[in-house]
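Q: The numbers in our numbering rise by one with no breaks, and the one at position 443 of the sequence shown is 896. Where a beta carbon is used, it is the ideal one built from N, C-alpha and C, also for glycine.
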Amino acid sequence: MSAAPRRPKSRSQQTTPNSHQRDQNHAHRVGGNAVPSSFSISSAPRRKKHRIRSLVVAAVVLVLCAYLLWLGISLVFVLKLSSESRNKNNRVHSGISPISKQRQFTDTSLHKLKQTRADENVKSNAGGKGDDSSPQDAPYKIVHSLTTRFMLGQKGQPVLARARYLLFETFCQPTVRYQTALRAKGYDFSWFVFVDPGIDPAVIEDMRALLTPSTDGEGDPRFPDGNAYLILTDNPSWAADGIGVPGVTSYGAGFQEVARAVRDGTVELLTGDATRLVETLERDVEGGGGNDQTPTMLIETMLDADDGLNNRAIEWIQDLAVGHVRKQQGLETARTTTPSLDSTWWLLCGTDHIEWHNRDIFRLTETQYQKHGLSSGIVGLRHAPHYCASAGFTRVGLTTKAAAGGNNEAEPPLLSFPQVAYSNHALATEEFDLCNDGEGGDPKISLAKCFRRDFEGLNYVLKSRSITSDSMDHMDPRNKDYRDLPWESKEEHPLLALDAPEQMWGIVRDEFSIDQKKARETSVYLRENLASILKENRDSRCAPGFPCREVADVAFKKMTAHIHRLNKFDRAEAAKQNGK
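(1) Pull the bridge partners of Ala681 from the DSSP assignment, please.
(2) By DSSP, does Asn625 sit in helix, in strand, or in coil?
(3) With DSSP as the reference, please indicate the residues paired to Thr804 in a beta bridge.
(4) Using 8 Å for Cβ pairs, my map puts Ala972 next to Ser829. What's the rounded Cβ distance?
(5) Less than 8 Å between the beta carbons of Phe870 and Arg906, yes or no?
(6) According to the neighbour-count rule (16 or more other Cβ atoms, all chains shown, within 10 Å of its Cβ), is Gln781 buried or exposed?
(7) In this structure, does DSSP put Glu944 in helix, strand or coil?
(8) Could you check where the beta strand (DSSP E) with Phe904 kicks off and where it finishes?
(9) Mark Val1007 as exposed unless 16 or more other C-beta atoms lie within 10 angstroms of its C-beta, in which case mark it buried.
(10) If contacts are defined as beta-carbon pairs under 8 Å, then Phe965 and Leu915 qualify, I think. What distance do you get, rounded to the angstrom?
(11) Mind checking whether Arg617 and Thr921 have CB atoms under 8 Å apart?
(12) Below 8 Å on the Cβ atoms is my contact criterion, and I expect His878 with Met755 to pass it. Report the Cβ-Cβ distance as a whole number of Å.
(13) Rounded to whole angstroms, what's the CA-CA distance from Gln771 to Val731? Just pull it up for me.
(14) When you compare the CB positions of Gly725 and Ala758, do they come within less than 8 Å of one another, or not?
(15) If I measure Cβ to Cβ from Leu784 and keep anything under 8 Å in the same chain, skipping five residues before and after, which residues do I get?
(16) If I'm right that Leu599 touches Phe645 with Cβ under 8 Å, what's the distance once you round it to whole angstroms?
(17) Between the beta-carbon of Pro748 and the beta-carbon of Tyr640, is there less than 8 Å?
(18) Express the C-alpha separation of Asn688 and Asp1023 in angstroms, rounding to a whole number.
(19) What separation, rounded to the nearest whole angstrom, lies between the Cα atoms of Leu762 and Thr790?
(20) In the DSSP output, what is Ser899 paired with across the bridge?
(21) From the DSSP secondary-structure annotation, give me the bridge partner or partners of Ser851.
(22) How is the beta strand (DSSP E) around Phe835 delimited, first residue to last?
(23) If His946 and His810 are in contact, beta carbons under 8 Å, what's the gap, nearest whole angstrom?
(24) Can you list, in chain order, the residues of its chain with a C-beta nearer than 8 Å to that of Ala519? Leave out the 5 residues immediately preceding and following it.
(25) In this structure, what does DSSP give as the bridge partners for His1015?
(26) Does Val509 pass the burial test, meaning 16 or more other C-beta atoms within 10 Å, or should it be called exposed?
(27) Label Gly1032 either buried or exposed according to how many other C-beta atoms from any shown protein chain fall within 10 Å of its C-beta, with 16 as the threshold for buried.
(28) Cutting at 6 Å between CB atoms, please list the residues of its own chain near Phe708, excluding the five before and the five after it.
(29) For Leu751, I'd like the list of residues in its chain whose CB is within less than 6 Å of its CB, leaving aside the five on either flank, ordered along the chain.
(30) Could you give the distance in angstroms between the alpha-carbon of Asp813 and the alpha-carbon of Gly651?
(31) With DSSP collapsed to three states, give me the class of Glu964.
(32) In whole angstroms, what is the alpha-carbon distance linking Ile1016 and Asp992?
(33) Identify which residue in Pro865, Leu800, Pro954 has its Cα closest to the Cα of Glu884.
(34) Using CA coordinates, which residue listed in Arg506, Pro865, Ala634 is at the minimum distance from Arg736?
(35) Residues in its own chain within less than 6 Å of Lys638 by CB, not counting five upstream and five downstream?
(36) Is Thr1013 near the ligand ATP, judged by its Cβ being under 7 Å from some heavy atom?
Written out as structure tokens, the structure is:
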């Protein structure tokens, strides 16, 4: 951020002779400067000096006016750009380049992304096939599952469960509800929401209402494809957070395992079209008992219950996956082998994401809260953080019935990625190489067993940061900035665009369908139940695979001490008021 221009000293700050000197020299006041009487005011040198000073002052005033005019024009440009962005039907972020020198978003961002996909598709289909990388034209059956876990292994805790439900309602559900990837457009996906049956039944019922297909009073459809599946389960393997975390051997359940459990009745399905789910299982995954050898592309995407996806994220993922796999299978080595999940898997995460914070929830004293209330919090942009975010972390692979060994078996085999592909999201960038398509001149082309960071310039996902987090990440009450990792400097991966709240909330509304008013209402609940949420969060058993016990204890202690200080201050303030 550029430094503000220095303000000229006022006349009272300028150095002038003291009163004794003025009396001695019989000084006359001319333009705020002491001039001895022995010096002729009408002399040529004096007039010249006065003219020079006047010219300097005029020049400074002119420069300041020009600077203010430039600021005004820039502000008008930013507001106009924001308005145009919100009115675009494609709901893609058009630009916040004036906000920070570190980030530049333009209207060409989406075009560039689409062009990249098209280029990949053309190169991987030199035989003359179409150059569209969309799923409609892909030579694969695409099975895409989106997985969200809600308090698995954390029974009870009614206040914490309600708080997390409100975050789910505010930041997660609307971003999936308004996905543009509909069956009518040639896209398809299934959203699995796993909820522990031991939590507050009222919370489960509220989640059922959010995910049941319906049309509201204004004709706004909710999950018209019946693809939101609320599933009761306390299966610990479905809650795991990926290998690399001590004691963990799996990330969770893939499409086939979940669909089989629904078909066989081993789990309770509360919402969603079960017929649709089983048909997809038997037709696209298990082959329906026929000889169809069309490869199946499995896509598994992760979404935490307090995070959200850009409303176009599923489309982006599937388009990019088709282009990547087409190019992968166009390589000579791929054409000579049968594709399998063991040989074709790769990982995908976003380059940029938006974050929501509201530290006033735990920083305001009771007096301040009662006087001023709470805001909706702040939203900022995180560009290219050190690791892949959990939200939108995706696993992709291609397989065939023959590769899975399912030609003659009565029960088709379970299609699952190799264990190494179930990497924890935070470790992917450290454990694997970046995928390389050779476009940069590197002859070592690698499009499998690698990871990609994509969608640069697009707001791929949103992360909410709150006191309900198992790891209590970003919850140090003494932090004065929003650095991403404790060991990073403030300049590394900072949270950007905090000086443009209206524009950022407009982006969150237009691209994620998130209501700013709901964010404030959720903040109020978190504030008014702060102590109970912290206690239940600290006492609850973290789901298997979460590293919360290793990283959260210190944060809990700091937050508890902070709340104790706030309470002590509030008691002192109350005593003062009672003493008046």
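A: This is what the structure holds:
(1) According to DSSP, Ala681 bridges with Trp644.
(2) Here residue 625 is Cys; the residue named in the question, Asn, does not match the sequence. Cys625 sits in a helix when the DSSP states are folded into three classes.
(3) According to DSSP, Thr804 bridges with nothing at all.
(4) Correct: roughly 4 Å between the Cβ atoms.
(5) Result no, Cβ atoms of Phe870 and Arg906 do not sit closer than 8 Å.
(6) The Cβ neighbour count for Gln781, taken over all protein chains shown within 10 Å, is at least 16; the residue is labelled buried.
(7) For Glu944, the three-state secondary structure derived from DSSP is coil.
(8) The continuous beta strand (DSSP E) containing Phe904 extends over residues 903 to 907.
(9) The residue in question, Val1007, is exposed, as its Cβ has fewer than 16 Cβ neighbours within 10 Å.
(10) Rounded, the Cβ-Cβ distance is 6 Å, consistent with contact.
(11) For Arg617 and Thr921, yes; Cβs fall inside 8 Å.
(12) About 7 Å separates the CB atoms of His878 and Met755; that is less than 8 Å, so the two are in contact.
(13) Each residue's CA atom was taken as its position, placing Gln771 and Val731 some 21 Å apart.
(14) The beta carbons of Gly725 and Ala758 sit no closer together than 8 Å.
(15) Excluding sequence positions up to five before and after Leu784, its CB lies within less than 8 Å of the CB of Ile898, Leu900, all in the same chain and listed in chain order.
(16) Confirmed, about 7 Å.
(17) Contact flag unset, no.
(18) Looking at the backbone, the Cα of Asp1023 and that of Asn688 are separated by about 44 Å.
(19) C-alpha separation (whole angstroms): 35 Å.
(20) For Ser899, which the question treats as bridged, DSSP gives the partners Asn889.
(21) Note that residue 851 is Leu in the sequence shown here, rather than Ser. For Leu851, the pairing in a beta bridge is given by DSSP as Met750.
(22) The amino acid occupying residue 835 in the given sequence is Arg; Phe does not appear at that position. For Arg835, the enclosing beta strand (DSSP E) covers residues 831 to 836.
(23) Contact between His946 and His810 does not hold, since the beta-carbon distance rounds to 15 Å and is not under 8 Å.
(24) Closer than 8 Å at the Cβ level, and outside the excluded window around Ala519, lies no residue.
(25) Under DSSP, His1015 forms no beta bridge with any residue.
(26) Classification of Val509: exposed, given that the 10 Å Cβ count is below 16.
(27) Residue burial is scored here from C-beta neighbours: Gly1032 has fewer than 16 other C-beta atoms within 10 angstroms and is therefore classed as exposed.
(28) Correct list, in chain order: Val596, Ser598.
(29) Sequence-distant Cβ neighbours of Leu751 in its own chain, meaning closer than 6 Å and more than five residues away, are Val596, Gly850.
(30) Distance between the alpha carbons of Asp813 and Gly651: 32 Å.
(31) Assignment of Glu964 by DSSP, reduced to helix, strand and coil, places it in the helix class.
(32) Taking the straight line from one Cα to the other gives about 17 Å.
(33) For Glu884, the nearest C-alpha among the options comes from Leu800.
(34) With respect to the C-alpha of Arg736, the residue from Arg506, Pro865, Ala634 having the closest C-alpha is Pro865.
(35) There are no such residues.
(36) Among the components modelled here there is no ligand, and therefore nothing to report on the ligand ATP.
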